[in-house]
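Protein chains in written order, with the working numbering: chain S, 678 to 945; chain L, 136 to 238; chain H, 7 to 204; chain A, 19 to 176.
Worksheet: one structure, shown below.
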């Protein structure tokens, strides 16, 4: 019987039913969200994730139950809220996706390329193992305070790097993250844009990813969110769990520190 | 195989409110996958809500019902502890069911 | 084709001034995808200069040089013909695609103006990163106003260094014809931009 | 706050329970085939053809409370709720959700036995901005109310 079940269920109830809306919405979709209520299909994906965590897989046919997410082997509850963080075995700062890739390759013997190739659902697919794992792991931090580790020098330099990446303008459109996420109360078309340089904006955004996206019918991770934003900035493809992705997530989580996790969220 | 239906049954002043989420892609047959091939139509056609073996709602759905469909139903005469069961069948002959007790 | 040539020219001749660390990290964190390559990560002088918060203090002399260079690079359309067809211009303003690795490189690029600006006052889905342009035509079509708007679209840094509006002309995102159509969408009295407020 | 009580079993227990129910899903035929799926209604492609398939053009009635958002953040999932004032319009046996500009306007049909309230809530796909109709049937007579829902180009337009 999975140890985390009951605490998971409690966290699920708290997480899914603390409805979260990006604070900067100017009410355009309040009626829509109110009618949507809080019945979040992510609940199914969370159960999948838990099952996958305990199922032996990969060439070594080993489960992820001994994977260390930063709080000790197999400790899942509360782990997501303290990421990204430095891992001495990997010698680098990792987000949840880089950390899962590390466990999948070292514990299960899978090849990194294969893990990365199947990380995110392609069009028409209905959720990958990684997306389900991240949904469950994030749910296990639901309601807990966002507290990314910043004690290690590399964790602090990840934050500084994240900030410089946040303002890095390049590509045919000269876009950077700041183009859209540096001001409060702005939007692209009807899409509210959180100001990620502020505590409130960063907390509202960081706490609600991963999220069930109604437009795709699946749970999407923060890593995917970074990649897809870069795509729309007209940049090349961001590698899952890469240094740039982790640094940007560190910038977000530190800016949002003190907020409370409420993932998986329910989003467009 | 994780659960494919979540049901909540709550007694309100003079009716029992049932809320359910079903895990189903509800494919219209018009969507294409990454390689450009059409994804075949696959959607729930029938849903039955049963209270103590009596049907309190019979729904027929088309492909326009959203993915991972939600259903809200209200019926009279439910008591705490009664069993509410939901069964769905889709156009490919697959089916799913689940039940809960009224709170 | 003309756009593609100009994009390549734009990238090649832009002297690659890297703020080293982010560039190198990005180079190791990204891979080419379809027609979009890591070549796009190289910054030109303007991008490097503008990779800073909007509130940062500006090196005025350097900004003036960049503004001058931007202004000099703006071509005047043949015969000073600034206005094209507003119906086509509207499509360019609505189209949010173009130059993403998920886009078809053979399709014309969009301008995605609605992403940041209000235009047709009856259209709900508009952005607020840029000012509302509804009723822009009321400014009249005198040469100075046409030239100002044309230059602003071609290379916004000719007036406002480190603006966050893309350099639609200078970066080869839109063709001269597309820009003339967008100008018509802004100026033509028949255009929905200039319809009375709802 | 509602609770999602999976029968109070452990998660693994729950799976076993719901799979055994799978067998029980083959209910006695009499309950299951009580009515037939209105296949014709699901085939129509225009509003007129839809009303024809249902039997007549419904009369407007304000006894039908139809909740839908004026603006949908995304057309893939639009919440709809139909609540009929049973005093004003008694004897409702069927409820329809119709989306005028969908390839097939009929999205969902709800058969409501006497023991149920004339109420139904679900989420439907709305292809483009247009009218949504809630239709109620009372012994062969059709009543309806309509609401417009705007479906906007979400996200960053890319």
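Ideal Cβ placement from N, Cα and C applies to all residues, glycine included.
Alpha helix (DSSP H) runs contained entirely in the stretch 850-896 of chain S, provided each spans 4 or more residues | 854-858 and 876-883
Entirely within the stretch 765-825 of chain S and at least 4 residues each: give me those alpha helix (DSSP H) ranges in chain order.
-> 773-783, 789-794 and 806-816
At what residue ranges does the stretch 26-99 of chain H contain a whole run of the alpha helix (DSSP H), taking only runs of 4 or more?
-> 26-35, 51-56 and 66-78
What's the call for residue 161 of chain H, buried or exposed, on a 16-neighbour Cβ count within 10 Å?
-> buried
Take every Cβ of the stretch 95-103 of chain H, pair it with every Cβ of the stretch 115-132 of chain H, and state whether three or more of those distances are shorter than 8 Å.
-> yes
Please list, in chain order, all residues of the same chain as residue 151 of chain H whose beta carbon is under 6 Å from its beta carbon, the five residues on each side excluded.
-> 145
Neighbour list for residue 15 of chain A in chain H, Cβ cutoff strictly below 8 Å | Because residue 15 of chain A is not part of the residues shown, which for chain A are 19 to 176, the question remains open.
Are three or more beta carbon pairs between the stretch 927-941 of chain S and the stretch 136-151 of chain L nearer than 8 Å?
-> no
Own chain partners of residue 789 of chain S with C-beta closer than 8 Å, once the 5 adjacent residues on each side are dropped | 778 and 782
Along the beta strand (DSSP E) that carries residue 155 of chain L, what are the first and last residues, could you check?
-> 151-157
Residue 77 of chain H versus residue 804 of chain S - alpha carbon distance | 50 Å
Mind checking if residue 623 of chain S is an interface residue toward chain L, Cβ cutoff 8 Å exclusive?
-> Nothing about residue 623 of chain S can be reported from this structure: the residues present for chain S run from 678 to 945 only.
For chain S, find out if any of its Cβ atoms is closer than 8 Å to the Cβ of residue 173 of chain A; answer yes or no.
-> yes
Should residue 38 of chain H go down as buried or exposed, given a rule of 16 or more other Cβ atoms within 10 Å for buried?
-> exposed
Just how far apart, CA to CA, sit residue 735 of chain S and residue 91 of chain H?
-> 59 Å
When we look at the beta-carbon of residue 871 of chain S and count the other beta-carbons within 10 Å, is it buried (16 or more) or exposed?
-> buried
Classification of residue 165 of chain L by the beta-carbon crowding that lies within 10 angstroms, buried from 16 upward = exposed
Length at least 3, wholly inside the stretch 116-174 of chain A: the beta strand (DSSP E) runs in chain order | 124-129, 137-142, 148-156 and 159-169
Beta carbon of residue 846 of chain S nearer than 8 Å to that of residue 53 of chain H | yes
Can you name the start and end residues of the alpha helix (DSSP H) that residue 729 of chain S belongs to?
-> 719-730
Does DSSP put residue 220 of chain L in a helix, a strand or coil?
-> strand
Measuring alpha carbon to alpha carbon, tell me which of A:74, A:133 and A:60 ends up nearest residue 213 of chain L.
-> A:133
Please report how far the alpha carbon of residue 84 of chain H lies from the alpha carbon of residue 153 of chain H, in whole angstroms.
-> 13 Å
By how many angstroms is the C-alpha of residue 188 of chain H removed from the C-alpha of residue 181 of chain A?
-> Residue coverage of chain A in this structure runs from 19 to 176, which leaves residue 181 of chain A outside it and unanswerable.
Counting only beta-carbon atoms, is residue 39 of chain A nearer than 8 Å to chain S?
-> The predicted position of residue 39 of chain A is uncertain, since its pLDDT is 43 and thus under 50; a value taken from the coordinates is nonetheless stated next. Chain S contact via Cβ: absent.
What in chain H is Cβ-close to residue 89 of chain A, meaning under 8 Å?
-> 130
Residue 741 of chain S: contacting residues in chain A (beta-carbon distance under 8 Å) = Those do not exist, as residue 741 of chain S stays about 17 Å from chain A at its closest Cβ, beyond 8 Å.
Using a Cβ cut-off of 8 Å, which residues of the stretch 105-138 of chain A contact any Cβ in chain L, in chain order?
-> 117, 120, 121, 122, 124, 125, 126, 127, 128, 129, 130, 131, 133, 134, 135, 137 and 138
How about residue 76 of chain A: is its C-beta nearer than 8 Å to some C-beta of chain L?
-> no
Using 8 Å as the Cβ pair cut-off and three pairs as the minimum, do the stretch 889-897 of chain S and the stretch 712-720 of chain S touch?
-> yes
N-terminal and C-terminal residue of the beta strand (DSSP E) that residue 206 of chain L is part of = 205-210
The stretch 151-183 of chain H: positions lying closer than 8 Å to chain S by Cβ = 170, 172, 173, 177, 178 and 179
Of all the residues that make up the stretch 849-869 of chain S, which are near chain H by a beta-carbon distance shorter than 9 Å?
-> 849, 850, 851, 852, 853, 855, 856, 857, 859, 860, 862, 863, 864, 865, 866, 867 and 868
Span of the alpha helix (DSSP H) holding residue 69 of chain A?
-> 65-72
Using DSSP with H/G/I as helix, E/B as strand and the rest coil, what is residue 195 of chain L?
-> strand
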